[in-house]
Amino acid sequence: MSNEKITTQMNTFTDTLKAGLDAGETYVDLINQLIETDDAEQLLGAANKLSVYELKNDFVKYPFQYQPQDYYLVLASRLLQFHNNESLETSIDDAGAVSARLNQLGNSAKFQFVMDKSKNGGALFTETKTNEALFYLNLQKRMMRFNNRSLVNLFVEKLSEVTTIIQIQQAINPLMTLAHYLQTDLGFSVDLGILDTSNAAKYYLLNKHMGLEVIDKLFVSTEGTDYMLMNLTNETGMSLQMDSNSKLTLSSGRESWAFSVSDEKEAVSFFDILIRFKLIRTWFMDNRASLEIKSDPMIFKE
Amino acid sequence: MTEENSQENVIDVISDQITIKMQYLQNLQAAVSNHDDKLVYSLLDSRRYASEILHTENVENDVTVASLVDNLSDELSHYLSANIIKYLGHRYPFFYYEEFKQGHFRVYFGNWWDRREFGELDVLNVRFIFDETEYEKLSTSFALSKESKRYNTAKIDQISEENDHLQDLIDSQATREAKKNEIQEELKEVNNKNGMPWESGKQKEARQELIDQLSDLEDQDDQARGAKKQIKDNEAKVLVLSKENTILSYEQKSIIDTFKNFETFEAANRSLYADYLAFLSSEKQVTDHE
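Residue numbers (the working numbering), protein chains in the order written: chain F, 3 to 304; chain X, -14 to 275.
Take a look at the structure:
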């Protein structure tokens, strides 16, 4: 073997080794940035890079690395911490898997991000026992989309037996707070779905051909209660005064039926109505095939 | 020729009558342009006005005068409707009106999901003309509610029972299959038995018995086949009946909220003309005062 050859080979080796060490150093820097920065953009930048970071090298082996979804969770919990909200408690198990609890729910629910395998990229904030994906987050495209079907499955159906209404509402709060700061601090486009409290929010039904007998059933179930299901005057649909403050409407637009909720302070969402009023909850769950609320169809395929 | 029929006399009569008519029309014209609805009502039906408002009997309705504006009744009704509907809005907050042609008003009970058309409002005579069938339903359900019963409950119960029976037929399919197999086995046995000649009568009887049982079970199978659809149809029927119950309960609730009970509601309907004209007078006094 000539000297030239070994020189070339050693050069290649050291270059590759150096690249591996550099990659490790960058990885360390990015992780430090993720956990230390006080700046939202810096935080997002680190999480975004880490989530696609390749730490592979022929000569340098790093036996432990976090999973891409872990950075999403750290981002979410840290962004909340920036605003003094400690609701999303992250923890790491012996195998190194990162998960989080919403402290309002105690141990009845555990969350992790799950990478979206579709071409959209991004990750889904998922409850691990029930596999309900509550929202979708894409750091690259700066978007957040809530999943209405899963919100109902988890909070209205599954957790309602082990938690109180107040606990559920309190558990939803940090998620909405997160959505708020993703929007204001980082310019995310956010679809809150049934959590949207604005009066202008329309919660569209997935089923475009809901039969009027579904409303008939609600009408019948108000008999003997203080509720009176009213007819809309200028369009097809119904309205129901839920309490002195909030009113629920279901109306037929040009393309599809949609719920809306109006209240003076714009503080009540369709989700709140489902959680708080048994009359609506029972009717909604009994007629879910007709009443299911649509989520962003680009993300949540039905 | 008597004096009364003399030419001059007839001219006087005509002249007097025309003056009366002109005066009537002038009065009405003035009343309408001043929006003095009370005066308009008194001119349109002086006898009713005298009896119900002035409490003087035996005033002849001058039909010949009032009939002068017969061909304007739609316009007059339309014109008078604005105020009376405003007034009724307070007294009967649960009624809604639709002018389906000029001066003619349909009355709807409530603006809730699936309300009923309840009759018409006769503006010129200040009264409701309720649809008899619909009114009867309401009055019956008020009577029933005293026994804590509802209008369609008996019918709903009957259909629900039928559905229970149909469901049983569907659920017992497997039991029936087993029973049919059993009977067929027995039938084979009976057929294969070479009994004594004197036993053949009994054997025939036993055979017939089994065949009857089998055809009975097959009838039930037939019923069970259509049962799913029948149950669905029945559920739709129950929904319609329940809806009617709900509508009636909303109506009762509205009447109780406003009138305390059905009797007071009926009394208010009877005295509507007097009450409305009294209201118009009191309102007029207030405006005159201002």
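Even glycine gets a Cβ: it sits at the ideal position worked out from N, Cα and C. Just so you know, these numbers come straight off a predicted model, no measurement behind them.
Going along the chain, which residues of its own chain have a beta-carbon closer than 6 Å to the beta-carbon of Ser53 of chain F, five neighbours each way excluded?
Pro70 and Tyr73
Once you ignore the five residues that flank Met(-14) of chain X on each side, which residues in its own chain have a CB closer than 6 Å to its CB?
Low confidence applies here, because Met(-14) of chain X scores a pLDDT of 48, under 50, leaving its location unreliable; read the following figure in that light. Closer than 6 Å at Cβ, skipping near neighbours: no residue.
Could you say if the region 233 to 251 of chain F and the region 93 to 107 of chain X meet the contact criterion of at least three C-beta pairs nearer than 8 Å?
yes
Between the C-alpha atoms of Val270 of chain F and Asp298 of chain F, what's the straight-line distance to the nearest angstrom?
21 Å
Cα-Cα separation between Ser258 of chain F and Leu208 of chain F, rounded to whole angstroms
8 Å
Should Glu167 of chain X be labelled buried (16 or more other beta-carbon atoms within 10 Å of its own) or exposed?
exposed
Suppose contacts are defined by Cβ-Cβ distances below 8 Å. Is Tyr72 of chain X in contact with Phe264 of chain X by that definition?
yes
Under 8 Å between C-beta atoms, does Lys71 of chain X make it to chain F?
no
Could you tell me the boundaries of the beta strand (DSSP E) in which Thr166 of chain F lies?
That residue, Thr166 of chain F, is in no beta strand (DSSP E); it is neither H nor E in DSSP.
So which of X:Tyr9, X:Tyr77, X:Lys238 and X:Ala253 has the shortest CA-CA distance to Ser130 of chain X?
X:Lys238
Within-8 Å CB hit, Phe261 of chain F to chain X:
no
What is the rounded straight-line gap between the Cα of Leu141 of chain F and the Cα of Arg80 of chain F?
15 Å
Taking 8 Å as the CB-CB limit, is Ser234 of chain X close to chain F?
yes
Residue range of the beta strand (DSSP E) that Met102 of chain F falls in?
Rather than Met, the amino acid found at residue 102 of chain F in this sequence is Ala. Per DSSP, Ala102 of chain F belongs to the beta strand (DSSP E) from Val100 to Leu104.
Alpha carbon to alpha carbon, how far is Gln276 of chain X from Leu151 of chain X?
As shown, chain X starts at -14 and ends at 275. That puts residue 276 of chain X outside it, with no answer to give.
Report buried or exposed for Thr160 of chain X, applying the criterion of at least 16 other Cβ atoms within 10 angstroms of its Cβ.
exposed
By Cβ distance below 6 Å, which residues in the same chain neighbour Ser62 of chain X in space, the five residues on each side in sequence not counted?
Gly88, Val108 and Leu109
Does the Cβ-Cβ distance between Tyr9 of chain X and Leu262 of chain X come in under 8 Å?
no
Would you mind sorting Ala111 of chain F into buried or exposed? The rule is 16 or more other CB atoms within 10 Å of its CB.
buried
Start and end of the beta strand (DSSP E) containing Val92 of chain X?
His89 to Phe94
Step through the CB atoms of chain X and report whether any lies within less than 8 Å of the CB of Gly226 of chain F.
yes
Please state whether DSSP places Ile(-4) of chain X in a helix, a strand or coil.
helix
Among F:Tyr68, F:Ile282 and F:Leu161, nearest to Gly26 of chain F - alpha-carbon criterion:
F:Tyr68
Starting from Asp288 of chain F, trace the alpha helix (DSSP H) both ways and give me its first and last residue.
Lys280 to Asp288
With a Cβ-Cβ cutoff of 8 Å, do Ser227 of chain X and Ile155 of chain X count as a contact?
no
Verify whether the separation of the beta carbon atoms of Thr166 of chain F and Leu82 of chain F is less than 8 Å.
no
Note down the Cα distance separating Val111 of chain X from Lys86 of chain X, rounded to an integer number of angstroms.
18 Å
Could you please give me the residues that DSSP links to Leu1 of chain F through a beta bridge?
Lying before the first or after the last residue shown, residue 1 of chain F is absent from chain F, which here runs from 3 to 304.
Mind checking whether Gln169 of chain X and Ala209 of chain X have CB atoms under 8 Å apart?
no
Just the Cα atoms here: how many angstroms apart are Glu174 of chain X and Glu159 of chain F?
57 Å
Locate the beta strand (DSSP E) running through Gly261 of chain F, then write down its first and last residues.
Reading the sequence as shown, one finds Phe at residue 261 of chain F and not Gly. That run of the beta strand (DSSP E) goes Trp259 to Ser264.
To the nearest angstrom, report how far apart Leu57 of chain F and Ala49 of chain F are at their CA atoms.
15 Å
Taking buried to mean at least 16 other C-beta atoms within 10 Å of its own C-beta, is Ile37 of chain F buried or exposed?
exposed
Lys143 of chain F versus chain X: which residues are under 7 Å apart at the beta carbon?
None at all; the shortest Cβ gap to chain X is about 42 Å.
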